[in-house]
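Working notes, beginning with the structure itself.
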Amino acid sequence: MLVTVQQHILQQQEDQFPAARGNFSSLLSGMTLATKMIQAKIRRAGLADILGSAGVTNVQGETQQKLDVYANQAVLHCLGARESVAFLVSEENEQPVTIDRSEGGKYIVVFDPLDGSSNIDVNVSVGTIFSILRRPDGAHGVAAVLQPGWKQVAAGYVVYGSSTIFVYTAGKGVYGFTLEPEIGAFVLSFADMKMPAQGNTYSVNEANADSFPESYRTYLGRLRSRGYGSRYIGSLVADFHRTLLKGGVFLYPPTKKNPHGKLRLLYEANPLAFIAEQAGGQAISGDARIMDIEPKAIHERTPLIIGSRSEVAEFHQIDTRDATGRI
Ligand code: AHG
Ligand code: MN
Ligand code: MN
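Quick note: the sequence shown, position 3, residue 1 per the working numbering, numbers continuous.
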């Protein structure tokens, strides 16, 4: 008998959040609704006027694509209507969006509405990433949002790929659901996902290799000498999803253009780090566990090394030796 994501979330809520009384499941249902709206647009790209640039620059200094704008509006709309939400924090909005001015809203949702924007126009997989935090009592605005990743209540992503897959964790394992177009519901397709302890692929944008720190170049040379393959899609969600299923390692190192890494801590690194660790993998920034980093700003960036325990541990060993100069 098929299990929908709603049924699964309700079960998780009963197990974990008995006091949530529907708040938590209502919030996650808002997220799945938004992703269904986004996937419907993506599946009609080229027919609906959803390709190309929206002609606006966002807070990241990047040109917003039409689908970035649509996806952001879909998530803000679907979650903004959920009574349990206090604040929404989006890659596309400079400041948190306050939903509930009273003390009622229990949760904060931090999200990347459309990940992999550069791939939209060329029909390559893109995604949506979200992270759910509890609102600290009486906290407001940015201060309420700047929480380390280990405080996440839940995290997930959707890959709009050859199929549309919703993957999430609420701290008790990782579960994957495939959108069944005939019934318009996400149906359980991967129960209790575990990342292989070791893989044979690394994923990095080699075009930046000349500006990688020495430890990254040494590490990648070692993997190549052991016959590792290279795969890089350029959409973090798709590169991570492959790593979750097949093992190996994804890296976005510090580069000349992004000396602190390009990926954002709160709505890219933290949610995927939560999923990676729940599936038996690891996620570090080089010297620190991603989920231990105390954020200083909501759009803060971080280097990211995420994947199988074996590959991430090997990088950490090299990077630590490099840092102490004994390499
Ligand atoms: P976004 O589209 O949300 O800005 O994210 C793009 C990110 C991430 O998806 C991907 O891993 C990375 O940018 C690719 O960056 P490069 O093109 O510099 O490799
Ligand atoms: Mn992104
Ligand atoms: Mn994005």
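Quick reminder that beta carbons are idealized off the backbone N, C-alpha and C, glycines included.
Cβ neighbours of Ile130 within its own chain (closer than 6 Å, five residues either side excluded): Tyr105, Val107, Val151 and Ala152. Annotation for Phe248: the continuous beta strand (DSSP E) segment containing it runs Val247 to Tyr250.
Between Pro293 and Leu263, the gap from beta carbon to beta carbon is short of 7 Å. A residue is called buried once 16 or more other Cβ atoms fall within 10 Å of its Cβ, and Ile118 is buried on that count. Closest option to Asp98, judged by alpha-carbon separation, among Glu90, Phe109 and Leu86: Leu86.
With 16 or more neighbouring CB atoms inside 10 Å of its own CB, Gln280 falls in the buried class. Taking all protein chains in view, the Cβ of Val120 is surrounded by fewer than 16 other Cβ atoms within 10 Å, so the residue is classified as exposed. Contact check for Val235 against Gly125 passes: the beta carbons are separated by less than 7 Å. Proximity to ligand 2 was defined by a C-beta distance below 6 Å to any of its heavy atoms, and the residues meeting it, in sequence along the chain, are Asp110, Asp113, Leu234 and Glu266. Between Ala271 and Met289, the gap from beta carbon to beta carbon is short of 7 Å.
Contact between Gly259 and Pro251 holds, with the beta-carbon distance rounding to 7 Å and staying under 8 Å.
Comparing C-alpha distances from Gly171 to each of Ala189, Tyr214 and Ser223 shows the shortest one belongs to Ala189. Counting other Cβ atoms within 10 Å of its Cβ, Ser228 stays below 16 and is therefore classed as exposed. A check of alpha carbon separations from Ile231 across Val157, Ser24 and Leu31 identifies Val157 as the nearest.
In the three-state reduction of the DSSP assignment, Ser27 falls in the helix class, which pools H, G and I. Using a Cβ distance threshold of 7 Å, Thr162 and Leu186 do not count as a contacting pair.
Ala195 is a Cβ neighbour of Arg307, given a cutoff of 7 Å. For the 7 Å CB-CB criterion, Ala311 and Lys192 do not form a contact. Ligand 3 approaches Glu89 closely enough that one of its heavy atoms is under 6 Å from the residue's Cβ. Short note on Ser115: C-beta closer than 6 Å to some heavy atom of ligand 1.
For the options Ala46, Glu90 and Lys34, the alpha carbon positioned closest to that of Glu60 is the one of Glu90.
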